[in-house]
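Engineer: First the structure, which I've put down as structure tokens, then a few questions once you've had a look.
Numbering (the UniProt record's numbering), first residue to last: 1 to 186.
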């Protein structure tokens, strides 16, 4: 199957979900190293979608501590915001990303992110996965005549790598924001 980015032949399996509300609360292979090691590619795709959903739910529930799940499922994490922040940083480690999210949530207490669509690509050869996310963020603007603002559509890319040294887990290594919600809007 050709890669969706470069159109070259690749070893990727691609999965897509439109309705994230029907996802199970846990993936069928979550927390079980032997199940992850023997999982089928559709199970791994579902697992990465559930992990992605858990990261966004953590933001919505204001669980923004690196010591709390799902943030414990990261490795050498870095985030690349859509636009360079006012402090001049163009990339954050996990603590910097969580601090930026805490500030955004304090400034916009009604902020909520809904996942609209996800497409997952999983490489059999490199044991890495990419989850492309279409998200809708509301609660960023003040109420207008008592009505909430329309919100913003944006894209995100979450990159995961399989780490057999950490108990055979899929770990988030990168998040990139593209369009819509920018850190400069805080």
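Ideal Cβ placement from N, Cα and C applies to all residues, glycine included.
Residue 177 and residue 81: beta carbons closer than 8 Å?
Structural biologist: yes
Engineer: Considering only C-alpha positions, which residue in the set 74, 175, 134 and 65 is nearest to residue 103?
Structural biologist: 65
Engineer: Counting only runs that start and end within the stretch 120-146, where is the alpha helix (DSSP H) found for 4 or more residues in a row?
Structural biologist: none
Engineer: What three-state label does DSSP hand residue 59 in the structure shown?
Structural biologist: Here residue 59 sits in helix by DSSP.
Engineer: Pop quiz: residue 154 and residue 137 are said to be a contact at Cβ under 8 Å. What is the actual Cβ separation, rounded to whole angstroms?
Structural biologist: Between residue 154 and residue 137 a beta carbon distance of about 7 Å is seen, short of the 8 Å cut, so the two are scored as contacting.
Engineer: Thinking C-alpha only, which one of 168, 120, 40 and 126 is nearest residue 189?
Structural biologist: Only positions 1 to 186 of the chain appear in the structure, and residue 189 is not among them; the question remains open.
Engineer: Say yes only if the C-beta of residue 163 is nearer than 7 Å to one or more non-hydrogen atoms of the ligand FMN, and no if none qualify.
Structural biologist: Summarising the ligand content, the structure contains no ligands, and the ligand FMN is consequently not present.
Engineer: To the nearest whole angstrom, what separates the beta carbons of residue 112 and residue 60, a pair I think is in contact under 8 Å?
Structural biologist: About 5 Å separates the two Cβ atoms, so the contact holds.
Engineer: Identify the residues that DSSP records as bridge partners of residue 74: which are they?
Structural biologist: According to the DSSP secondary-structure assignment, residue 74 is paired through a beta bridge with 172.
Engineer: Quick check: residue 48 and residue 122, are their CB atoms within less than 8 Å of each other?
Structural biologist: Cβ atoms of residue 48 and residue 122: closer than 8 Å.
Engineer: Have a look at 133, 101, 105 and 124 and flag the residue whose alpha-carbon is nearest the alpha-carbon of residue 116.
Structural biologist: 133
Engineer: With respect to the alpha helix (DSSP H) encompassing residue 110, which residues constitute its N-terminal and C-terminal limits?
Structural biologist: Element bounds for residue 110: n/a, residue is neither H nor E.
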